[in-house]
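Residue 193 is where the sequence shown starts when you use the numbering used here, and the numbers rise one by one after that.
Notes for the one structure printed next.
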Amino acid sequence: MRRTGAPPDVVRIEPLRELDEADLRRLIVGYDTTEMYSYTKTESRERTEIVFDLVQRPFEKKFPLPAAMIGYYQHVVTVGLSFKAIDDDAFVGIAIADKQWNGLAIVWELHVAADYRRRGIGRGLLASVEDAARSSGLRGVSIETQSSNVPAIDFYRACGYDIGAIDSSFYSNDDVARGEVNVFMRKAL
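Following this line, the structure appears as structure tokens:
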């Protein structure tokens with residue numbers, strides 16, 4: 193783990209093979225932001241243009257965790273690409289990743305408890321996923337986030353990721369109107 197700012201020998205990154213629902217619900221809570229990317233698309237036969245413009249707009253996101261999603265994540269952690277950050281016995285960070293058919297690992301969740309942020313734990317979790325994906329012969333890592341999650345997009349860019357795909361109806365048929373368009377960020381290994 194890269195220990196940028198983290199106290200030595202306190203927080204450790206380990207493979208995540210089992211997932212407790214209480215830990216999942218404690219770590220995957222949501223975010224607040226004062227800016228987001230607005231999405232516009234113009235399309236004709238000759239040209240399609242998708243534009244993300246950074247705009248000032250407060251946004252609060254609470255992550256729903258339906259039982260089906262928890263069950264899926266409990267299965268995904270057995271694949272061997274998921275990791276946890278531990279401080280003593282406390283579960284303080286999580287990266288849940290799966291293998292895709294196209295040779296990519298996909299990170300569905302990357303979260304660090306609020307009191308542990310800005311200490312290199314997120315980078316350490318992400319680097320662990322990348323190392324495991326590389327060792328598994330995968331060609332890259334994709335991360336799912338939202339156009340409203342500017343702090344996450346900035347963080348992933350700082351880690352070498354760029355926007356690889358956008359889905360304007362990934363969550364619902366009203367994603368554009370709600371201002372929350374799906375963004376997949378990618379990094380080749």
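Cβ atoms here follow ideal geometry from the backbone N, Cα and C, with glycine treated the same way.
(message) Buried or exposed, going by whether 16 or more other CB atoms sit within 10 Å of the CB of F301?
(response) Correcting the residue type first, residue 301 is Glu in the shown sequence and not Phe. E301 should be labelled buried.
(message) Between the region 252-268 and the region 222-236, can you find at least three pairs of beta-carbon atoms closer than 8 Å?
(response) yes
(request) Evaluate the contact criterion for the region 335-347 versus the region 200-216: three or more CB pairs, one atom per stretch, below 8 Å. (result) Too few Cβ pairs lie closer than 8 Å, so no.
(request) Kindly indicate which residue of Q292, I278, N294 and Q338 has the alpha-carbon position closest to the one of G314. (result) I278
(message) Please state the DSSP three-state secondary structure of A266.
(response) A quick correction: the sequence has Gln, not Ala, at residue 266. Here Q266 sits in helix by DSSP.
(request) Compare the beta carbon distance of D389 and F275 with 7 Å and say whether it is the shorter of the two. (result) Limits of the chain in this structure are 193 at one end and 381 at the other, which puts residue 389 out of reach.
(request) For the region 331-339 and the region 228-245, state whether three or more C-beta atom pairs, one from each stretch, are separated by less than 8 Å. (result) Counting Cβ pairs under 8 Å, three or more are found: they touch.
(message) Using CA atoms only, rank isn't needed, just tell me which of R309, P258, T234 and D212 is closest to Q266.
(response) D212
(message) Here's the rule I'm using: 16 or more other beta-carbon atoms within 10 Å means buried, otherwise exposed. How should I242 be labelled?
(response) exposed
(message) With distance defined between alpha-carbon atoms, name the residue in M261, K291 and A260 nearest to G272.
(response) For G272, the closest alpha carbon among the candidates M261, K291 and A260 is that of K291.
(message) Under DSSP, the beta strand (DSSP E) around G285 begins and ends at which residues?
(response) A282 to K291
(request) Work out the CA separation of L330 and P207 for me, nearest whole Å. (result) 18 Å
(message) Quick check on the burial criterion: 16 or more other C-beta atoms within 10 angstroms. Buried or exposed for K233?
(response) exposed
(message) One question on the structure: do N374 and D354 come within less than 7 Å of each other, judged by their Cβ atoms?
(response) no
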